[in-house]
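Visitor: The opening residue of the sequence shown carries number -3 in the working numbering; numbering runs sequentially from there.
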Amino acid sequence: MSDYPVPPTRTVRHQPSRAQIIEVDIAVVGAGISGISAALEAARLGRRVALIDAGQQLGGQSTGSMLGTFCGFYSNGPEPYRVVYGIVDAMFAHLKKADAFHLRRGRNSYIPLYQEQALVRWIEQAVHAAGIQVLLGATLLQARRDGGRIVALDIATRFGPVEVHAEGFVDASGDAALSYLAGFDCREPVSPIMGTLMFTLEGFDEAAALQLDRWAVQKRLAETGGRYGLVRRDGFVFAFPGKGHATVNMTHVKTPLDPEGYATAQAEGRAQADRVVDFLRGEYPAAFATARVRQYGFLGIRQTRWIVARHSLQIDEVRQGLKPDDAILRCSWPVELHDRPEDVHWEEFGDDHLHYVPFRAMVPQQADNLVAAGRCIDGDPAALSSVRVMGPCVAMGAAAAQALDLAGAGSVSQIDIAALQLRLRDNLERRDRD
Ligand SMILES: Cc1cc2nc3c(=O)[nH]c(=O)nc-3n(C[C@H](O)[C@H](O)[C@H](O)COP(=O)(O)OP(=O)(O)OC[C@H]3O[C@@H](n4cnc5c(N)ncnc54)[C@H](O)[C@@H]3O)c2cc1C
-3 MSDYPVPPTR TVRHQPSRAQ IIEVDIAVVG AGISGISAAL EAARLGRRVA
47 LIDAGQQLGG QSTGSMLGTF CGFYSNGPEP YRVVYGIVDA MFAHLKKADA
97 FHLRRGRNSY IPLYQEQALV RWIEQAVHAA GIQVLLGATL LQARRDGGRI
147 VALDIATRFG PVEVHAEGFV DASGDAALSY LAGFDCREPV SPIMGTLMFT
197 LEGFDEAAAL QLDRWAVQKR LAETGGRYGL VRRDGFVFAF PGKGHATVNM
247 THVKTPLDPE GYATAQAEGR AQADRVVDFL RGEYPAAFAT ARVRQYGFLG
297 IRQTRWIVAR HSLQIDEVRQ GLKPDDAILR CSWPVELHDR PEDVHWEEFG
347 DDHLHYVPFR AMVPQQADNL VAAGRCIDGD PAALSSVRVM GPCVAMGAAA
397 AQALDLAGAG SVSQIDIAAL QLRLRDNLER RDRD
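1) Classify P74 as buried or exposed, calling it buried when 16 or more other Cβ atoms lie within 10 Å of its own Cβ.
2) Distance check for T153 and T7, CA to CA, integer angstroms please.
3) Can you tell me which of A96, H161, A27 and L63 puts its alpha carbon nearest to the alpha carbon of Q52?
4) Determine the burial state of T5: buried for a count of at least 16 other Cβ atoms within 10 Å of its Cβ, exposed for fewer.
5) Which same chain residues, not among the five before or five after L41, have their C-beta less than 6 Å away from its C-beta?
6) Which whole-angstrom value is the C-beta distance of L197 and H248, which I expect to be below 8 Å?
7) Taking Cβ positions, are Q361 and A396 nearer each other than 8 Å?
8) Is any heavy atom of ligand 1 found at a distance shorter than 7 Å from the C-beta of M194?
9) Grab me the residues of L131's own chain with a C-beta within less than 6 Å of its C-beta, minus the 5 sequence neighbours each way, in chain order.
10) Excluding the 5 residues preceding and the 5 following P157 in the sequence, name in chain order all residues of the same chain whose CB lies nearer than 6 Å to its CB.
11) If we ignore side chains and look at the alpha-carbon of each, how far apart do R101 and H161 end up?
12) Span of the alpha helix (DSSP H) holding V233?
13) Confirm, please, whether the CB-CB distance from I29 to V367 is below 8 Å.
14) So if DSSP puts T153 in a beta bridge, which residue, or which two residues, is it bridged to?
15) Taking all protein chains shown into account, do 16 or more other C-beta atoms lie within 10 angstroms of the C-beta of H307, making it buried, or fewer, making it exposed?
16) Is it right to say E313 is buried, meaning 16 or more other beta carbons lie within 10 angstroms of its own, or is it exposed?
17) Write down the C-beta distance between T192 and G296 rounded to the nearest angstrom, noting that I regard them as a contact closer than 8 Å.
18) By Cβ distance, which residues of its chain are closer than 6 Å to F284, with the 5 residues on each side in sequence left out?
19) Any idea if Y0 is buried or exposed, counting beta-carbon neighbours within 10 angstroms, 16 or more meaning buried?
20) What do you get for W211, buried or exposed, if any count of 16 or more other CB atoms within 10 angstroms of its CB means buried?
21) Taking its Cβ as the centre, do 16 or more other Cβ atoms sit within 10 Å of F155, making it buried, or is it exposed?
22) Between the Cα of P465 and the Cα atoms of A23, S13, I83 and L54, which residue gives the shortest distance?
23) Helix, strand or coil for N423? Go by DSSP, reduced to three states.
24) Would the C-beta of M386 count as close to ligand 1, meaning under 7 Å from any of its heavy atoms?
25) For T300, is the beta carbon positioned less than 7 Å from some heavy atom of ligand 1?
26) Do D171 and ligand 3 come close, with the Cβ less than 7 Å from some heavy atom?
27) Taking I311 as part of the alpha helix (DSSP H), name the residues at either end of that continuous run.
28) At a threshold of 7 Å, does V353 count as lining ligand 1 (C-beta to nearest heavy atom)?
29) One question on the structure: do F355 and D376 come within less than 8 Å of each other, judged by their Cβ atoms?
30) Buried or exposed, going by whether 16 or more other CB atoms sit within 10 Å of the CB of V186?
31) What is the DSSP secondary structure of G257, reduced to helix, strand or coil?
32) I need the DSSP call for I324, collapsed to helix, strand or coil.
33) So, under 8 Å CB-CB, E37 and A394 are touching, yes? Tell me the CB distance rounded to an integer number of Å.
34) Enumerate in chain order the residues of its own chain whose CB-to-CB distance from L206 is below 8 Å, with the five nearest sequence positions on each side excluded.
35) Kindly indicate the opening and closing residues of the beta strand (DSSP E) around P354.
36) E338 lies in the beta strand (DSSP E); which residues open and close that run?
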């Protein structure tokens, strides 16, 4: 018989109690790449920050959906320069040091590959080092408003309710959850913009996979995809050189805004992913005969619901590269519209093309202390598709934090736009060649 002491227990009983209260200067809802950028930028300004996310880890889709590449961080042309700064300098430096970053040319620009596990560790370390109060598994249920000001957030966690009070709020929820729950008008596309369940592959012949011509693969997909039960007839596989794994973007599923629909769509996306593996094995045995899924991503959601702002970015402004007086970022990413199950509508731009996001597209009409950042800012579906990739999302997060800092107890609609642009000048002017 062991005489090892059994740890003691005590009896507890739930006592209905008030919510835990958190008081900060700036509360950010959504810890995807835009919320991470907003939170870190606000903390750097000396603000007390809370970062709230319903998920179990930081990074949102950038770490959970197996995206694999950073888009919208560079200009177009033969020698692209970087167009987004702020957190990007430290983030890229960390990924390079961890051998988790690979600069690759694509779509007339650079599209770096990255490894999700290295990114999530950088985000965790950066956020905790900045003293940000992080709430994970924390779902926003309700936003209380006094006129144009949000005053408090009611949040549910597995450990009980939490109430967050702040002077300023960032809606980085992707689905405009904060703006919607606060009662501000939002937009939804009349027919759905498709999401994608992405995944990584292992067990394939990397040298043979790198030999494949991506346009020939697309053609084969269009010709034979139906035989494998595939919904989408375009897409791509890209191997991370030397790592033995590849990212696959070849599925299309609807992404409804209800919990049961979400779960069903995720299962459907994974079923499509399995059929994509069958296609790759069947059509390209030299490269993929023994390929298998290494990791399924969480359902990738593109454009579901977004704010009605003071200005809605229009596709003609994007095509013409019009620079508005209140521009807060530049970008050259193509129009990438997933509005049909079978394929993607792409419109790529020339070498010198840049388009811009105006600050007015980030502020819900009538809101005083709320700024949206990321894929839920205002635009028509085509315009939005060209600015919702991660580069512009980072720049929008920075703009949201700086705007709320300038507004203080006042209204973001009355801030000095020239002062905001001065703070954001790197994202408007700097041209580093990495
Ligand atoms: C399949 C797919 C592939 C893509 N590929 C690329 C790519 O290769 N490169 C690239 O740069 N971009 C890519 N994009 C686009 C880009 O990834 C996203 O648009 C971008 O990551 C959005 O970032 P975000 O911070 O706005 O939102 P998200 O990353 O979606 O983060 C929103 C966060 O808000 C949280 N949230 C939502 N509602 C609530 C609530 N009520 N309470 C609490 N938290 C809440 C969510 O849990 C989530 O973590 C892709 C998108 C998809 C869907």
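C-beta: ideal position from N, C-alpha, C; glycine also.
Guide: If we stick to the structure as given:
1) exposed
2) 23 Å
3) A27
4) exposed
5) D401
6) Their Cβ separation, rounded to whole angstroms, is 18 Å, which puts L197 and H248 out of contact at 8 Å.
7) Contact flag unset, no.
8) yes
9) I48
10) Sequence-distant partners of P157 (beyond 5 residues in either direction) whose C-beta falls short of 6 Å from its own C-beta, in its chain, are A15.
11) 45 Å
12) Element bounds for V233: not the alpha helix (DSSP H) but the beta strand (DSSP E), F232 to F236.
13) no
14) G156
15) H307 should be labelled buried.
16) With 16 or more Cβ atoms within 10 Å of its Cβ, E313 is classed as buried.
17) 5 Å
18) F200, L276 and R277
19) exposed
20) Counting Cβ neighbours within 10 Å, W211 comes out exposed, since fewer than 16 surround it.
21) exposed
22) Only positions -3 to 430 of the chain appear in this structure, which leaves residue 465 out of reach.
23) helix
24) yes
25) No.
26) With respect to ligand 3, the structure offers nothing, as its ligand set consists of ligand 1.
27) I311 to Q316
28) Annotation for V353 indicates a beta carbon at 7 Å or more from all heavy atoms of ligand 1.
29) no
30) exposed
31) The DSSP-derived three-state label of G257 is helix.
32) strand
33) 5 Å
34) Correct list, in chain order: A235 and P237.
35) H351 to P354
36) Careful: E338 lies outside any beta strand (DSSP E) and carries neither H nor E.
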